[in-house]
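According to our numbering, the sequence shown is numbered sequentially starting from 129. Cβ atoms here follow ideal geometry from the backbone N, Cα and C, with glycine treated the same way.
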Amino acid sequence: MEDAPSWVCRLTTRFPEPIVSLYISPSPALGRLRLDFPEGDLLRPSWDEYFLKLAMLASERATCPRMHCGCVLVKEKYVLSTGYNGSLPGLEHCEEVGCLIVDNHCVRTNHAEMNAIAQAARHGVSIDGATAYVTNMPCTTCAKALLAAGVVRVVVFSDYKGSLAEKFFDESGVTLDRRTMPGTVITYDLEGYSSASRFKEGTSGSETH
Ligand SMILES: [Zn+2]
Ligand SMILES: [Zn+2]
């Protein structure tokens, strides 16, 4: 469902099924409006969308209200490690005791990329040659850490104020790919799959945080 950049606005809705995209363009040559009704298999995400969406999912575990960030380290389509910005293991979270601000930055948390690198280190997993999928452009410090750990490609869908990541990636030959933010809807049609069914009422519960 990639589209020419001349289309300036794309609105997507899940109603009616299947997903319908409405494209709006300023160019009369292209027509001002176009409706797409993609085939069902086009709902399947590309690899970049899939891993970016996993990074978004990781970010849901973040504990600093100033920023939620997720990172997934991938090599040959395998997830090596994941991370989100959060406090050091066993320590209190910003959400509980407030942020710890130094020079207008919260320093209570480790950034998502650092936590992904740390998780790989704990488990003895090499990330040399990996791709980092991150919800936001890495900050300068995380960019340098990713570089030093051997990451060769970084994929993001948003920028981060004041970061020199791009300069260091450029100088070091790391590929930086800016992608469109994937949709935030997770599609799982439990009612529609003939081989699956919901648990009987009262037979499942929730895990605590
Ligand atoms: Zn914080
Ligand atoms: Zn960072």
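Selection from the options that minimises the alpha carbon distance to residue i
i	options	result
residue 257	286, 301, 250	301
residue 229	193, 329, 250, 179	193
residue 271	303, 335, 191, 249	303
residue 235	242, 241, 227	227
residue 273	201, 175, 176, 178	201
residue 294	275, 310, 225, 312	275
residue 306	313, 297, 215	297
residue 232	289, 225, 241	289
residue 203	241, 313, 286, 254	254
residue 354	177, 225, 249	The requested residue 354 is not part of the displayed model; the chain covers only 129 to 337.
residue 285	311, 219, 172	311
residue 216	333, 209, 208, 243	243
residue 250	173, 208, 299	208
Under the three-state DSSP convention, the category residue i falls into
i	result
residue 181	helix
residue 205	coil
residue 333	coil
residue 270	helix
residue 260	strand
residue 146	Annotation note: pLDDT 46 at residue 146 (below 50); position unreliable, coordinate value reported separately. Correct three-state label for residue 146: coil.
Contacting residues, own chain, Cβ-Cβ under 6 Å from residue i (five flanking each side not counted)
i	result
residue 342	Because the chain is modelled from 129 through 337, residue 342 falls outside the range shown and cannot be assessed.
residue 223	191
residue 281	259, 303
residue 261	179, 180, 183, 200, 283
residue 292	268
residue 221	191, 215
Same chain only: Cβ atoms within 8 Å of residue i, ignoring 5 sequence neighbours per side
i	result
residue 246	211, 238
residue 329	none
residue 278	254, 255, 256, 257, 258
residue 287	264, 265
residue 315	171
residue 173	181, 310
residue 175	205
Close beta carbons around residue i, own chain, < 7 Å, minus the five adjacent residues each side
i	result
residue 206	none
residue 318	324, 326
residue 334	none
residue 241	199, 211, 260, 262, 266, 270, 273, 274
Contained alpha helix (DSSP H) runs [length at least 4] in the stretch 277-317, N- to C-terminal order: 293-300
Contact set, ligand 1 heavy atom to C-beta under 6 Å: Answer in sequence order: 192, 194, 222, 227, 234, 236, 237.
Near ligand 2, which residues have their beta-carbon less than 6 Å from any of its heavy atoms, given in chain order? 239, 241, 266, 267, 269, 270
Contiguous alpha helix (DSSP H) assignments of at least 4 residues, all confined to the stretch 203-257: The qualifying runs are 222-225, 240-250.
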